[in-house]
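In our numbering, the protein residues as written are 115 to 342.
These notes are about the structure you will find just below.
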Ligand code: MG
């Protein structure tokens, strides 16, 4: 059987579906279909990650800052696959080195950490530096700005899928831009990002985004998410 050659350009035009319009204002760049999780005003989209209490990190009208030892915070809303924009800043004053310097973290679904760390002239294990998928993937480059400067992560997270028996049937994937520079290119999430031991794959559904209290005065601002 042979296929006839297509000679008409119209034959390969696809007219449906038409992408819906999403505007992205140039003055503040928050897409019109984004869910704003923090715009400087308050922590109403967040709660304590460990208890059923309010998030107690400090806010100053622009940014929120870790209040050390009050615990990590998480979104009240749960998410599956998302595009996430988040800006962060490590303390300008450098007191310690390695993992104790501007450490925090953005956890997708409370399980998969994109490391936040002041990795500007700061030596640590590379699979634990800024932009690492913690202990799974070293970032492609070090795009870190100096401590005290605002930085951004733009993350595309495709959530893992588990079947009704709890078996992983499609792994998660992460793509990360750090200050606009690609540092993780569609890497396959191996499971939970553990401090000690190997990744785990225990079935779960949608879950919050969590920001880590690692005891350092890391700040965040301008956080928005688009569900995919
Ligand atoms: Mg961390």
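Even glycine gets a Cβ: it sits at the ideal position worked out from N, Cα and C.
With 7 angstroms as the limit, the residues whose C-beta approaches any heavy atom of the ligand MG more closely are 217, 218, 219, 227, 229, 230, 231, 248, 326 and 328, in sequence along the chain. The beta carbon of residue 221 is closer than 6 angstroms to those of 227 and 324 in its chain, skipping five residues each way along the sequence. Here DSSP, grouped into helix, strand and coil, assigns residue 242 to helix. CA-CA distance, residue 127 to residue 119, rounds to 16 angstroms. Annotation for residue 332: 179, 180, 202, 203, 204, 205, 216, 217, 218 and 230 place their beta carbon closer than 8 angstroms to its own, counting only its chain and skipping 5 residues before and after. Here residue 156 has 173 as same chain residues with Cβ atoms under 8 angstroms from its own Cβ, once five neighbours each way along the sequence are excluded. For residue 219, the enclosing beta strand (DSSP E) starts and ends at 218-222.
Residue nearest to residue 165 within the set 147, 146, 150 and 185 is 185 (criterion: CA-CA distance).
Membership of residue 149 in the beta strand (DSSP E) is indicated by the continuous run 149-152.
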